[in-house]
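A short write-up of the structure that comes next.
Protein chains in written order, with this note's numbering: chain A, 5 to 241; chain V, 542 to 816.
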């Protein structure tokens, strides 16, 4: 009986409704839309308020929360946006959403000490040196200039977008309490991908150098360490 | 916790909240907002907790759900309780989860014997896991359900008797429900046994667009009617930890502190009940 009541009630507030029932429907929907707006601020800015509300409400009805922790709600939003043909006028939107999804993951990932260059002094055997990514490190390759768009929208008021249409990588790190965001190039992406796969620093460096001979692997490595991409512990030979 | 008044903690008030000189001030947060692995939000709560007592108020356990509590969610709550050692832990007499879907709301339940047993089992599971009693909050009402076989106050008392939980009485919920369903708020409060009350919530409400229903919106100052109900309630049951809740249209911290000061005056008997 209790289960039956709850199934009927859930069905009733899953459709537009009136009177007292609509209070429950509106509260529930508003909770989802507000959570998506908090987690996808640049997507919200790119779409403008009314449009974002409509997109978010539609997503919430098709992909409702599976956990009560709304801080982490919306992980399916980027993939969902990518298959909404009515949103294809904004071809970079799903890619920008992907960055924001990774940003939320980085922001709330476990805390850990980042690796510092000083901890590597005297560890000359790069071929056997293995590093773990810091738990907050997120990176990906996007087939759109989404990182340039995201960075410019984040810093500036909404305005005309000027960018060169090209693929870009994203690197997000959180060595302390603040998420650091930067563009990642192909060599950087290849190197980090190798580390994530479990390659040693030497193996990842050789593979990256042979694919991208112009790359200064030493500076690439130092910049990744300084960004906080690796964890201080769990490096083992 | 000495019966004092606290304030719902908001991140935008962080610096002022930490610097507030008010004696016995405490803070309450929604537990779900801190169910993450790490990062700045948990660090902020650590800083608050190092200065002030804390109360964890859950909104997502779905105690009145037809299923037992979600083990992952319960584990996340236990991690928070173990880490922050809150003075109070509370949840709602409501459901919000069904068939793997979560509703970010507190949905109503018919007060039947079946619901009573399910709630008592679920509260028992939570209390066993946390190894401490919890407080259970009376819901807001918008809708008249047909199938009640218990009055709300006797249902709450029976839940407390069966589980050893205590009650979080939200005076605004009583006022909103009384307006929406047409019962007497003061009479409702009169039926609550003082010994069962572990905490009181005070918040503001709004009238809906049609002008018929009061909405438990937590986005306005506490109304005069709610203050008056609160004063009468405290006058009868004695001082209890009382929270100023504000979740929308967040004012400067000083405004919340002023409301908190008013509650503190009532708790201290410094405002005599009008004869």
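Cβ coordinates follow ideal geometry from the N, Cα and C atoms, glycine included. Quantities reported herein were computed from a predicted structural model and do not represent experimental measurements.
Can you confirm whether residue 573(V), when its beta carbon is compared against all beta carbons of chain A, has any partner nearer than 9 Å? What you label residue 573(V) is simply residue 32 of the second chain in a count that begins at 1. Closer than 9 Å to some Cβ of chain A, the Cβ of residue 573(V) qualifies, so yes.
Among 103(A), 132(A), 233(A) and 197(A), which has the Cα closest to the Cα of residue 158(A)? Position 154 of the first chain, counted from the first residue, corresponds to residue 158(A). Closest by alpha carbon: 103(A).
Nearest to residue 689(V) by CA position, among 792(V), 720(V) and 650(V), is which residue? Taking the first residue of the second chain as position 1, residue 689(V) is located at position 148. Among 792(V), 720(V) and 650(V), the Cα nearest to that of residue 689(V) belongs to 650(V).
Please compile the residues from chain A whose C-beta is within a distance smaller than 9 Å of the C-beta of residue 639(V). Residue mapping note: residue 639(V) aligns to position 98 of the second chain, counting from 1. By Cβ distance, chain A contributes 7, 10, 11, 13 and 14.
So, under 8 Å CB-CB, residue 98(A) and residue 82(A) are touching, yes? Tell me the CB distance rounded to an integer number of Å. If you number the first chain from 1, residue 98(A) lands on position 94. If you number the first chain from 1, residue 82(A) lands on position 78. Rounded, the Cβ-Cβ distance is 5 Å, consistent with contact.
Distance, Cα to Cα, residue 586(V) vs residue 219(A)? One-based indexing of the second chain puts residue 586(V) at position 45. One-based indexing of the first chain puts residue 219(A) at position 215. In a straight line, the C-alpha of residue 586(V) is about 44 Å away from that of residue 219(A).
Taking a contact to mean a Cβ-Cβ separation below 9 Å, would you say residue 713(V) touches residue 747(V) in this structure? The residue you call residue 713(V) lines up with position 172 of the second chain. The residue you call residue 747(V) lines up with position 206 of the second chain. Not a contact, by the Cβ cut-off of 9 Å.
Nearest to residue 43(A) by CA position, among 17(A), 30(A), 77(A) and 56(A), is which residue? Working through the first chain from its first residue, we reach residue 43(A) at position 39. Residue 43(A) has its Cα closest to that of 77(A), out of 17(A), 30(A), 77(A) and 56(A).
Should residue 706(V) be flagged as near chain A, meaning a C-beta pair shorter than 9 Å? For the purposes of this step, residue 706(V) is taken as residue 165 along the second chain, with counting starting at 1. So no, residue 706(V) is outside the interface.
Could you tell me whether the Cβ of residue 182(A) comes closer than 9 Å to any Cβ of chain V? In the first chain, the residue the question calls residue 182(A) occupies position 178. Closer than 9 Å to some Cβ of chain V, the Cβ of residue 182(A) qualifies, so yes.
By the criterion of Cβ-Cβ separation under 7 Å, what are the contact partners of residue 114(A) in chain V? As a working note, residue 114(A) is residue 110 in the first chain. Per Cβ cutoff of 7 Å: 578 and 579.
Taking Cβ-Cβ distances shorter than 7 Å, what residues in chain V pair up with residue 24(A)? The residue labelled residue 24(A) in the question sits at position 20 within the first chain. Under the 7 Å cutoff, chain V gives 683, 684 and 754.
Would you kindly work out how many angstroms separate the C-alpha atoms of residue 12(A) and residue 639(V), rounded to a whole number? By one-based count along the first chain, residue 12(A) stands at place 8. By one-based count along the second chain, residue 639(V) stands at place 98. For residue 12(A) and residue 639(V), the distance between alpha carbons rounds to 11 Å.
Compare the C-beta of residue 613(V) against all C-beta atoms of chain A and say whether one is closer than 9 Å. Walking along the second chain from the start, residue 613(V) turns up at place 72. So, interface residue.
Is any beta-carbon of chain V found at less than 9 Å from that of residue 59(A)? As a first step, residue 59(A) must be located in the first chain, where it is residue number 55. For residue 59(A), the answer is no, since every Cβ of chain V falls outside 9 Å of its Cβ.
Quick check: is the beta carbon of residue 76(A) nearer than 9 Å to any beta carbon in chain V? As a position in the first chain, residue 76(A) is number 72, starting the count at 1. So, interface residue.
Please confirm if the segment 660-677 of chain V is in contact with the segment 36-54 of chain A, defined as three or more CB-CB distances below 8 Å between the two stretches. no
Given a cut-off of 9 Å on the beta-carbon distance, is the pair residue 235(A) and residue 225(A) in contact? Position 231 of the first chain, counted from the start, is the residue given in the question as residue 235(A). Position 221 of the first chain, counted from the start, is the residue given in the question as residue 225(A). No, the Cβ-Cβ distance between residue 235(A) and residue 225(A) is not below 9 Å.
Spatial neighbours of residue 149(A) within its chain, please: C-beta separation below 8 Å, excluding the five flanking residues on both sides. Within the first chain, residue 149(A) is the residue found at index 145, counting from 1. Excluding positions up to five away in sequence, the list reads 96, 167, 168, 169, 170, 171 and 172.
What are the partner residues of residue 564(V), as DSSP defines its beta bridges? Taking the second chain and counting its residues from 1, the one referred to as residue 564(V) is at position 23. Answer by DSSP bridge pairing: none, since residue 564(V) is not bridged.
Could you say which of 760(V), 693(V), 715(V) and 732(V) lies nearest to residue 652(V) if we only look at CA atoms? Within the second chain, numbered from 1, the residue matching residue 652(V) stands at position 111. The shortest Cα separation from residue 652(V) among 760(V), 693(V), 715(V) and 732(V) belongs to 693(V).
Any C-beta of chain A within less than 9 Å: which residues of the segment 635-663 of chain V qualify? 636, 637, 638, 639, 640, 641, 642, 643, 644, 645, 646, 647, 648, 649, 650, 651, 653, 655, 656 and 659
My understanding is that residue 153(A) touches residue 137(A), with C-beta atoms under 8 Å, so please give their C-beta distance in whole angstroms. Counting from 1 along the first chain, the entry for residue 153(A) is found at position 149. Counting from 1 along the first chain, the entry for residue 137(A) is found at position 133. In fact, because the Cβ distance is near 25 Å, the residues do not count as touching under 8 Å.
Of the residues 647(V), 703(V), 705(V) and 618(V), which one's Cα is nearest the Cα of residue 671(V)? Counted from its first residue, the second chain places residue 671(V) at position 130. If we check each option's Cα against that of residue 671(V), 618(V) comes out closest.
Determine the DSSP secondary structure at residue 171(A), reduced to helix, strand or coil. In the first chain, residue 171(A) corresponds to position 167, counting from 1. Residue 171(A): coil per DSSP, three-state reduction.
Just to confirm the assignment: which complete beta strand (DSSP E) runs, minimum length 3, are found wholly within the segment 153-222 of chain A? 172-177 and 184-188
Please compile the residues from chain V whose C-beta is within a distance smaller than 9 Å of the C-beta of residue 118(A). Here the question's residue 118(A) lines up with position 114 in the first chain. Near residue 118(A) there are no residues of chain V at all, since even the closest Cβ is about 13 Å away, more than 9 Å.
Cross-chain neighbours of residue 600(V) in chain A, by beta carbon under 9 Å: Against the second chain, residue 600(V) aligns to sequence position 59. Residues of chain A passing the Cβ test: 72.
Residue 87(A) burial status per 10 Å Cβ neighbour count (16 or more: buried): Here residue 87(A) corresponds to residue number 83 of the first chain, with the count starting at 1. So residue 87(A) ends up on the exposed side.
Apply the 10 Å Cβ neighbour rule to residue 646(V) and answer buried if 16 or more other Cβ atoms are within range, or exposed otherwise. Within the second chain, numbered from 1, the residue matching residue 646(V) stands at position 105. The residue is buried, with at least 16 neighbouring Cβ atoms inside 10 Å.
How about residue 559(V) and residue 605(V): do their beta carbons lie closer than 9 Å? Mapped onto the second chain, residue 559(V) falls at position 18. Mapped onto the second chain, residue 605(V) falls at position 64. No, the Cβ-Cβ distance between residue 559(V) and residue 605(V) is not below 9 Å.
Please report the residue range of the beta strand (DSSP E) in which residue 638(V) lies. Reading the second chain from its first residue, position 97 is the one you call residue 638(V). From DSSP, the beta strand (DSSP E) with residue 638(V) extends over 636-639.
Between residue 749(V) and chain A, is any beta-carbon pair separated by less than 9 Å? Walking along the second chain from the start, residue 749(V) turns up at place 208. For residue 749(V), the answer is yes, since a Cβ of chain A falls inside 9 Å of its Cβ.
Three-state class that DSSP yields for residue 555(V) in the structure shown: Translated into the one-based positions of the second chain, residue 555(V) becomes position 14. Three-state DSSP puts residue 555(V) in a helix.
Let me confirm a value: residue 623(V) is counted as buried when at least 16 other C-beta atoms fall within 10 Å, else exposed. Which label applies? The count along the second chain starts at 1 and reaches residue 623(V) at position 82. With fewer than 16 Cβ atoms within 10 Å of its Cβ, residue 623(V) is classed as exposed.
Is the beta carbon of residue 121(A) sitting closer than 9 Å to the one on residue 229(A)? The sequence position of residue 121(A) within the first chain is 117, counting from 1. The sequence position of residue 229(A) within the first chain is 225, counting from 1. Against a cut-off of 9 Å, the Cβ pair of residue 229(A) and residue 121(A) comes out as a contact.
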